[in-house]
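**Q** Below: one structure in structure tokens.
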Amino acid sequence: MADNSGKTWWKEAVVYQIWPRSFNDSNGDGIGDIPGITERLPYLADLGINVIWLSPVFASPNDDMGYDISDYRAIMPEFGTMDDFDTMLETAHSLGIKILMDLVVNHSSDEHEWFEKARASRDNEYRDYYIWRDSSGVDEDGKPLPPNNWGSEFGGPAWEYDETTDQWYLHMFSRKQPDLNWENPTVRQEIFDLVTFWLEKGVDGFRLDAINIISKPEGLPDDPSVDPEKHSSSIPFVISNGTKVHEWMHELNVETFDKYDCMTVGEMSATGPEEAVQFSGFTTDELHMIFHFEHMGLDSDPATGMGKWSRKPVELTEMKQILNTWQTELDGKAWGSLYWYNHDQPRVVSRFGNDSAEYRELSGKMLATVLHGMQGTPYIYQGEEFGMTNVQFDSIEDYKDLDSINFYTDMVTEHDRMSSDDAMALIYAKGRDNARTPVQWSADTGAGFTTGTPWIGLNENYTEINAAEAVNREDSLWRYYQQLVALRRGELKDLLVYASFVPLDPEDSEVYAYERHGDGEKLLVVANFTDGVLARSYQVLEGTDAQVVLANYADAGGQSAGAELTLRPYETRIYRIAA
1 MADNSGKTWW KEAVVYQIWP RSFNDSNGDG IGDIPGITER LPYLADLGIN
51 VIWLSPVFAS PNDDMGYDIS DYRAIMPEFG TMDDFDTMLE TAHSLGIKIL
101 MDLVVNHSSD EHEWFEKARA SRDNEYRDYY IWRDSSGVDE DGKPLPPNNW
151 GSEFGGPAWE YDETTDQWYL HMFSRKQPDL NWENPTVRQE IFDLVTFWLE
201 KGVDGFRLDA INIISKPEGL PDDPSVDPEK HSSSIPFVIS NGTKVHEWMH
251 ELNVETFDKY DCMTVGEMSA TGPEEAVQFS GFTTDELHMI FHFEHMGLDS
301 DPATGMGKWS RKPVELTEMK QILNTWQTEL DGKAWGSLYW YNHDQPRVVS
351 RFGNDSAEYR ELSGKMLATV LHGMQGTPYI YQGEEFGMTN VQFDSIEDYK
401 DLDSINFYTD MVTEHDRMSS DDAMALIYAK GRDNARTPVQ WSADTGAGFT
451 TGTPWIGLNE NYTEINAAEA VNREDSLWRY YQQLVALRRG ELKDLLVYAS
501 FVPLDPEDSE VYAYERHGDG EKLLVVANFT DGVLARSYQV LEGTDAQVVL
551 ANYADAGGQS AGAELTLRPY ETRIYRIAA
């Protein structure tokens with residue numbers, strides 16, 4: 001049994017997520033590609049990151065932007081060739097950057113060879129690669145009814161009827177993403193083989209997509225909580241009632257990951273700290289860390305029953321309760337991941353900060369400090385490092401995200417459950433395309449992303465908010481991220497990466513503060529989450545020679561290091577204190 005309680009490279013990593021379609025287009029077709037990633041690797045090396053998480057680049061019909069894979073051993077032609085991938089991998093490694101692939105094995109595309117063969121008849125060797133069931137009956141018009149009442153993540157039933165064989169197949173996401181049958185040992189072996197293929201090629205690990213839903217509840221019973229009127233998903237029900245996920249994750253690790261010096265992180269919605277320790281505990285032999293989603297629900301109203309498609313004000317005390325609990329519950333037992341958002345979430349400076357011209361960078365620096373000051377492996381999403389914001393397109397026709405389009409169709413077009421304005425307001429706040437508009441490299445036409453027509457519209461603020469401007473300005477958010485990453489990988493590594501986490505003032509609704517306790521010294525992190533001026537007092541600063549090691553106001557180091565602090569709008573500081 002492995003023991004991951006000591007120091008390792010993946011604990012000390014700073015990861016940068018690339019969503020390739022919107023990262024950098026090298027050939028002018030409007031679509032980001034692998035040679036475009038290779039072009040920008042020196043930029044990422046300058047930022048200081050040392051791991052890239054690459055969202056899917058496998059062959060795909062792109063029903064769900066690459067998360068529907070039709071060939072796990074081929075590169076999507078829009079993104080380039082396998083030679084392009086090999087060049088990128090070699091270049092990244094030469095710059096000291098490791099590459100994580102996105103492993104999507106809860107489901108495949110319905111255009112994968114396995115599924116095309118599986119659906120041809122009931123009695124072929126591939127049929128049991130997927131989950132098929134008979135109808136539960138017929139409706140009053142004589143039409144077949146799904147095997148159970150499960151709802152898919154993207155709205156509607158989680159079952160699709162297949163006329164050829166008069167059965168239904170399960171899809172927890174889109175109908176073009178049939179769920180693989182992990183109960184079948186042949187399927188598991190296929191997955192071990194494809195994982196080994198990429199590890200042998202030299203990739204450095206995987207992010208495992210939706211991996212905690214691979215085990216379905218025995219007998220596939222009805223979900224008592226599903227409400228088709230509210231666009232609800234049965235994924236939480238599946239997660240709560242699947243019984244074999246740990247057995248299969250252990251098997252996957254033993255057969256593949258454990259044979260290589262690689263890093264693994266599992267995407268796991270509806271998972272708390274106790275379950276996380278079962279998946280990523282230092283001696284569990286399953287995963288190195290997981291992505292949890294508790295803080296992604298801070299601005300959703302559970303009373304509506306509509307999941308993410310609802311809104312409520314973010315309460316700092318609730319954010320602290322969630323993040324502090326994860327910090328303290330994992331400490332000494334398991335490793336955590338730190339992130340504000342990804343390709344499925346709104347931009348953090350718009351969501352939890354203040355994206356006005358006056359406060360965008362100040363609040364962006366504050367949010368970065370809070371996250372990167374914690375224990376765990378931090379992840380930066382493309383464009384986060386210079387403060388890209390949410391986008392508001394004029395019409396639903398301008399959006400490409402399947403989830404947003406399905407939500408609008410369900411709530412407005414087909415059922416008139418919501419006004420168009422209300423639905424668009426929710427898409428502006430929560431839609432996945434907020435994170436998927438092209439990276440704004442410069443103020444040039446096409447935002448420096450493409451010389452052609454981009455596959456999705458640009459955020460119009462690219463002329464003011466772009467990487468070129470930020471890299472060249474000394475006090476920019478980009479430069480601040482560079483400093484933060486350098487501290488984490490350099491002189492403060494032992495404190496920022498490994499020291500224990502001690503929360504302060506959990507009931508303070510305006511300031512986030514915590515300490516990190518290491519050998520012989522401490523850190524104090526303070527962050528004003530408001531646009532007001534606040535006075536606070538911290539005992540740990542009393543009578544000490546506290547050094548400000550990072551702050552988002554240039555004159556912060558000159559302020560008194562006594563217990564009393566005055567915090568300006570969105571002000572943040574990291575103090576280093578001898579214990």
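Under UniProt numbering, the residue at position 300 of the sequence shown is numbered 300, and the numbers go up by one with no gaps. Just so you know, even glycine gets a beta-carbon here, dropped at the ideal spot from N, CA and C. If you're wondering where the values come from, they're calculated on a predicted model, not measured in any experiment.
Check whether the segment 160-174 touches the segment 144-152, counting contact only when three or more Cβ pairs, one atom from each stretch, lie closer than 8 angstroms.
**A** yes
**Q** Looking at Arg175 and Trp182, is the spacing between their C-beta atoms short of 9 angstroms?
**A** Taking the sequence shown and counting its residues from 1, the one referred to as residue 182 is at position 182. Taking the sequence shown and counting its residues from 1, the one referred to as residue 175 is at position 175. No; because the gap between Cβ atoms is not below 9 angstroms, this pair is not in contact.
**Q** Tell me whether the beta-carbon of Thr264 lies closer than 9 angstroms to the beta-carbon of Leu287.
**A** The sequence position of residue 264 within the sequence shown is 264, counting from 1. The sequence position of residue 287 within the sequence shown is 287, counting from 1. Going by C-beta atoms, Thr264 is nearer than 9 angstroms to Leu287.
**Q** For Leu298, report the span of its alpha helix (DSSP H) as first-last.
**A** As a working mapping, residue 298 is identified with position 298 in the sequence shown. It is not in any alpha helix (DSSP H) - Leu298 carries neither H nor E in the DSSP assignment.
**Q** Let me make sure I understand the geometry here. Which of Arg516, Ile405 and Asp410 has the alpha-carbon closest to that of Thr328?
**A** For the purposes of this step, residue 328 is taken as residue 328 along the sequence shown, with counting starting at 1. If we check each option's Cα against that of Thr328, Arg516 comes out closest.
**Q** Helix, strand or coil: how does DSSP classify Glu275 here?
**A** Sequence index remark: in the sequence shown, residue 275 carries index 275 (1-based). Glu275: helix per DSSP, three-state reduction.
**Q** How would you call Phe237, buried or exposed, if buried means at least 16 neighbouring beta carbons within 10 angstroms?
**A** For the purposes of this step, residue 237 is taken as the residue at position 237 of the sequence shown. Buried: at least 16 other Cβ atoms inside 10 Å.
**Q** If we count the other Cβ atoms within 10 Å of its Cβ and call it buried at 16 or more, is Thr572 buried or exposed?
**A** The residue given as residue 572 occupies position 572 in the sequence shown. Classification for Thr572: buried.
**Q** Quick check on the burial criterion: 16 or more other C-beta atoms within 10 angstroms. Buried or exposed for Ala120?
**A** Here residue 120 refers to the residue found at position 120 when the sequence shown is read from its first residue. The residue is exposed, with fewer than 16 neighbouring Cβ atoms inside 10 Å.
**Q** Consult DSSP for Ser94 and reduce its assignment to one of helix, strand or coil.
**A** Along the sequence shown, one-based indexing puts residue 94 at 94. In this structure, Ser94 counts as helix in the three-state DSSP scheme.
**Q** On the premise that Met306 lies in contact with Lys230, defined as a C-beta separation below 8 angstroms, what is that separation, rounded to the nearest angstrom?
**A** Locating residue 230 in the sequence shown gives position 230, where the first residue counts as 1. Locating residue 306 in the sequence shown gives position 306, where the first residue counts as 1. Contact annotation, Lys230 with Met306: C-beta distance approximately 5 angstroms; criterion of less than 8 angstroms satisfied.
**Q** Within 10 Å of its beta-carbon, does residue 583 have 16 or more other beta-carbons around it, so buried, or fewer, so exposed?
**A** Absent from the structure is residue 583, since the part of the chain shown begins at 1 and ends at 579.
**Q** Which residue from Ala486, Val195, Pro313 and Ile574 puts its Cα closest to that of Leu524?
**A** Your numbering for residue 524 matches position 524 in the sequence shown. Among Ala486, Val195, Pro313 and Ile574, the Cα nearest to that of Leu524 belongs to Ile574.
**Q** Please classify Pro185: does DSSP put it in a helix, a strand, or coil?
**A** Reading the sequence shown from its first residue, position 185 is the one you call residue 185. Helix at Pro185.
**Q** Just grab the DSSP bridge partners of Glu521 for me.
**A** Counting from 1 along the sequence shown, the entry for residue 521 is found at position 521. BP columns for Glu521 point to Ala578.
**Q** Can Trp132 and Tyr169 be called in contact, C-beta distance under 9 angstroms?
**A** Looking up residue 132 in the sequence shown gives position 132. Looking up residue 169 in the sequence shown gives position 169. A contact, by the Cβ cut-off of 9 angstroms.
**Q** Secondary structure at Ser215, three-state DSSP: helix, strand or coil?
**A** As a working mapping, residue 215 is identified with position 215 in the sequence shown. The answer is coil: DSSP assigns Ser215 none of H, G, I, E or B.
**Q** For the beta strand (DSSP E) holding Val265, just list the boundary residues, first then last.
**A** Taking the sequence shown and counting its residues from 1, the one referred to as residue 265 is at position 265. That run of the beta strand (DSSP E) goes Met263 to Glu267.
**Q** Measuring straight from C-alpha to C-alpha, what distance separates Asp494 and Ala447?
**A** For the purposes of this step, residue 494 is taken as the residue at position 494 of the sequence shown. For the purposes of this step, residue 447 is taken as the residue at position 447 of the sequence shown. C-alpha separation (whole angstroms): 39 angstroms.
**Q** Taking the CB atoms as reference points, tell me whether Thr317 and Gly28 lie closer together than 9 angstroms.
**A** For this step, residue 317 is matched to residue 317 along the sequence shown. For this step, residue 28 is matched to residue 28 along the sequence shown. It is not a contact, given that the beta carbons lie outside the stated cut-off.
**Q** Name the one or two DSSP bridge partners that Ile18 has.
**A** Within the sequence shown, numbered from 1, the residue matching residue 18 stands at position 18. Bridge partners of Ile18: Leu54.
**Q** Taking DSSP's pairing of strands, which residues face Val439 in a bridge?
**A** Stepping through the sequence shown from its first residue, residue 439 is reached at position 439. Val439 pairs with nothing; no bridge assigned.
**Q** Could you give the distance in angstroms between the alpha-carbon of Arg432 and the alpha-carbon of Asp401?
**A** Within the sequence shown, numbered from 1, the residue matching residue 432 stands at position 432. Within the sequence shown, numbered from 1, the residue matching residue 401 stands at position 401. Using only the alpha carbons, I get a separation of about 6 angstroms.
**Q** Helix or strand or just coil, what does DSSP make of Asn241?
**A** Taking the first residue of the sequence shown as 1, we reach residue 241 at position 241. Three-state result, Asn241: helix.
**Q** Using CA atoms only, rank isn't needed, just tell me which of Thr325, Met366, Arg311 and Glu384 is closest to residue 601.
**A** In the structure as shown, the chain starts at 1 and stops at 579, and residue 601 therefore has no counterpart that could be examined.
**Q** Tell me the DSSP secondary structure of Arg122 in three-state form.
**A** Walking along the sequence shown from the start, residue 122 turns up at place 122. Coil.
**Q** Just to confirm my understanding: we take Gln547, look at its own chain, exclude 5 residues before and 5 after, and list those with CB closer than 6 angstroms. What are they?
**A** Here residue 547 refers to the residue found at position 547 when the sequence shown is read from its first residue. Excluding sequence neighbours, Gln547 sits near Arg576.
**Q** For Trp198, which residues of its own chain have a beta-carbon under 7 angstroms away from its beta-carbon, when the five flanking residues on both sides are left out?
**A** The residue given as residue 198 occupies position 198 in the sequence shown. Same-chain partners within the cutoff: Met101.
**Q** Can you grab the Cα-Cα spacing for the pair Lys98 / Gly48, in whole Å?
**A** Looking up residue 98 in the sequence shown gives position 98. Looking up residue 48 in the sequence shown gives position 48. Rounded to the nearest whole angstrom, the CA to CA distance from Lys98 to Gly48 is 12 angstroms.
**Q** Under the rule that 16 or more other beta-carbon atoms within 10 Å means buried, what is Asp166, buried or exposed?
**A** The residue given as residue 166 occupies position 166 in the sequence shown. Flag for Asp166 reads exposed.
**Q** Straight-line CA distance for Met82 to Phe23?
**A** In the sequence shown, the residue the question calls residue 82 occupies position 82. In the sequence shown, the residue the question calls residue 23 occupies position 23. Each residue's Cα considered, the two are about 18 angstroms apart.
**Q** Span of the alpha helix (DSSP H) holding Met289?
**A** One-based indexing of the sequence shown puts residue 289 at position 289. Met289: not part of any alpha helix (DSSP H); member of the beta strand (DSSP E) spanning Met289 to Phe291, first to last residue.
**Q** Can the beta-carbon of Ala486 be found closer than 9 angstroms to that of Thr463?
**A** To locate residue 486, count along the sequence shown from 1; it is residue 486. To locate residue 463, count along the sequence shown from 1; it is residue 463. The answer is no: Cβ separation not under 9 angstroms.
**Q** Please report the residue range of the alpha helix (DSSP H) in which Ser350 lies.
**A** Against the sequence shown, residue 350 aligns to sequence position 350. Start and end: Val348 to Arg351.
**Q** Check Thr566 in the structure and name its three-state DSSP category.
**A** Locating residue 566 in the sequence shown gives position 566, counting from the first residue. Three-state DSSP puts Thr566 in a strand.
**Q** From the DSSP output, read off the bridge partner residues of Met101.
**A** To locate residue 101, count along the sequence shown from 1; it is residue 101. In the DSSP assignment, Met101 is bridged to Leu54 and Phe206.
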